[in-house]
Structure formats: C-alpha cells, structure tokens
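Peer 1:
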Amino acid sequence: MSKNNTTVIKTKKNLSFAERLKRAKNKGDIAAGLMLLPAVIMLLVVSVYPFCWIFRYVCYEYNGLTATYTGMHNFERMLTDTTFWQSVLHTFEYAVLKIIFIIPLALIMAVFLNQKLRGSSFFRGIYFMPTIISTAVSSMVFGFIFAAYNGVLNGVLKAIGVIGQNVNWLGDAKTAMWSVLIVALWAGFGNYMIYFISGMSSISEDVYESAKIDGANGIQTFFKITLPMLSPMLKIILMLAITGAFKDYESIMVLTNGGPNNRTQVMFLYIYQLIFGKDVGTNPQIGYATVLSLVAALIIGIVTAVYMYFARKLDEVV
C-alpha cells in the first residue's frame, strides 16, 4: 500500500464523530439512510420478526394456545410424511410447467405489443388486468368455467363436437393439474409481459435501424438483437417466475383444494391446511407447519441459488 493511501486511511480513522457525521451528510448518506429506513422497518416487522417468532416452535407441538416440547418429533414426522413429499414433487411439476409456458408466451406477446401499432396500449391493459384481479375471485370464475356438469368449457366443446360427454376438469387426476396451470398462465403472463416490454423499451431504435439496413428480417432481429439485449431483464424475470411458481397456492386452494387425491397438492397449500384447513378444527398444527415452512423455504432457496449459479456461469460463457 502506498504512503498516500495509508495517510488517507489514518486520516479517516482519526476523524471525530461530528466530522464523520458532517462528511456523511455532505455525501448524501444520511438522506439515503432516512429514505431506506421505512422499508427496513417494514422488512423487520413483517418478515424478520415473524420468521424468528415461528422458528422457536420447531421443537414444540403448538396449537396457538399451548406449547408442548416434543424434541425432534416434528422433524421425524416430516421425514415420513408422504403427503408432504408428494406435494414437493407436485410443486416442482407445477413450477416447471408454468415457467416453460408462461415465459415464452409473455415474451411473444411483448414482442407483438411492443410494435407501434394501433390498439397496442389497449391490449397491454387487457392482458395486464388479470394480475390486478383478486386471485380468489378469478379462481371462482374459472371454477364455473371448468365445472363438470354446467361449465362453460364443457358446453362450448360439446357444441363444436370436440367432446361427447362432460369432462370433470378439476375432479379428474389426468386433467386437474393442467386446469390449474391454465388459470396460472392466464393470471400471470401479463405481469411478465410488461417486464419484457419495459426491457425492450430500453433498446435503442438505432440498433433496429442498423439491422434493417443490413437486411435482417424480423426473426433474425429477434434472435440476434432483441433476445441478447434482453438477457439482463430475462434473468430477473426468470428468477421472479421461479420463486413465484414455487409459492403459488391460492388459486389451487380455490379450484381443487389440493385434490383430487392430492394430485394438485403443493407445499404451501399443505402447510396452510395444517394451520387453517377445515379439518383442523380447534387444533391447528402450528409447530409441525413451522418445520415444513422452513423446509419449503430451504428448497426454494436452493433452487434459486442453483439458478443464480448457472446464470452467472452463462454470463461468463457469453
């Protein structure tokens, strides 16, 4: 280390508190800290504190009123709980299928609606609207659509001759998962579409003009210019899609409540049922649900870390 750098470090260490405060004020650190303070307080109150609160019950049988120490019983029960591990597999199935369909769909619609065509703003609003509608309300509407006996979907398909008899879309193990996936795609793709449009708006028009001069067609422009320049936004969208898909359960709860025969049971729906389910009555299993919540959070953390690792390696290759 050079003599000048050593002198600067010593000078900073010898500053009084008032001098450091004045320097921080001049640099804008105090203003930045004050603006961040409400968000930090909210994070501590609604995220960190509840996590610490429930963490103490991992070794207890707690029903909201009384807590009985059970040692490692909750962990032993978790290891042998076939319903939970089935829900983990169903969560991965649901998340993978949702991401496979929703990201390309959102990207394609973003490319079309990013064109300066008449009515594009109107359709942006239409496709984004499902994201601001209550999940419970929209799921109830789709419940009427998928109804086995008087559902709209069965009526339309029978009218055009696609099916000869009613299909129990939500009650059949073969179609239940695909039905809840359709609802998830309808409700979520508009949000990611807006993200993609936001990313495309940051791409300079000069780049597209140069591509046109060089004779590139629409497909070549998309794969050679749009997609590579969207890669930073695409990584963020994928991370949001992964974490969001693993935490989905509200629409599934309304449509199938995990059925039929646990075919659409996912991790957080199972945890919710242990605490607030109709079969719980006056004995919610908060202690055991706490253990499952921590395991579910660990699974999502591992999946996210693996994705971030490969995303970083892809950046190094590219």
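Per my numbering: the sequence shown = residues 181 to 498.
Using N, Cα and C, we set each Cβ at its ideal position, and we do this for glycine too.
Computed from a predicted model, the values in this text were never measured in an experiment.
Comparing C-alpha positions only, which one of 332, 488, 360 and 233 sits nearest to residue 415?
Peer 2: The residue with the shortest Cα to Cα distance from residue 415 is 488.
Peer 1: When we look at the beta-carbon of residue 386 and count the other beta-carbons within 10 Å, is it buried (16 or more) or exposed?
Peer 2: It counts as exposed.
Peer 1: Using 8 Å as the cut-off, can you tell me whether the segment 266-280 makes contact with the segment 420-429, which would need three or more C-beta pairs spanning the two stretches below that distance?
Peer 2: At 8 Å Cβ cutoff, the stretches touch.
Peer 1: Please classify residue 478 as buried or exposed, where buried requires at least 16 neighbouring CB atoms within 10 angstroms.
Peer 2: Exposed is the call here.
Peer 1: Between residue 457 and the rest of its own chain, which residues show a CB-CB distance below 6 Å, the 5 nearest in sequence each way excluded?
Peer 2: Excluding positions up to five away in sequence, the list is empty.
Peer 1: Check whether the Cβ atoms of residue 443 and residue 356 sit closer than 7 Å, and answer yes or no.
Peer 2: Yes, the Cβ-Cβ distance between residue 443 and residue 356 is below 7 Å.
Peer 1: Applying the criterion that 16 or more other CB atoms from any shown protein chain within 10 Å of the CB defines a buried residue, is residue 350 buried or exposed?
Peer 2: It counts as buried.
Peer 1: Does the segment 214-228 come into contact with the segment 448-455, if we say contact requires no fewer than three beta-carbon pairs (one atom in each stretch) closer than 8 Å?
Peer 2: Short answer: they don't touch.
Peer 1: Determine the direct distance from the alpha carbon of residue 493 to that of residue 331, and round the result to whole angstroms.
Peer 2: Looking at the two C-alpha atoms, the distance is approximately 48 Å.
Peer 1: Out of curiosity, what's the CA-to-CA distance linking residue 304 and residue 373?
Peer 2: Residue 304 and residue 373: Cα-Cα distance of roughly 8 Å.
Peer 1: According to the neighbour-count rule (16 or more other Cβ atoms, all chains shown, within 10 Å of its Cβ), is residue 315 buried or exposed?
Peer 2: Label assigned to residue 315: buried.
Peer 1: From the DSSP output, read off the bridge partner residues of residue 315.
Peer 2: Per DSSP, none; premise fails for residue 315.
Peer 1: What ranges does the beta strand (DSSP E) occupy inside the segment 224-269, keeping only unbroken runs of at least 3 residues that lie completely in it?
Peer 2: Those beta strand (DSSP E) runs which fall completely within the segment 224-269 and span 3+ residues are 240-242 and 247-249.
Peer 1: Roughly how many angstroms lie between the CA atoms of residue 327 and residue 348, to the nearest whole one?
Peer 2: One C-alpha to the other measures close to 7 Å.
Peer 1: Rounded to whole angstroms, what is the Cα-Cα separation between residue 302 and residue 290?
Peer 2: Roughly 13 Å between the two C-alpha positions.
Peer 1: Roughly how many angstroms separate the alpha carbons of residue 398 and residue 389, rounded to a whole number?
Peer 2: Roughly 12 Å separates the two Cα atoms.
Peer 1: Which class does residue 355 belong to by DSSP, given the choice of helix, strand or coil?
Peer 2: Coil, per DSSP.
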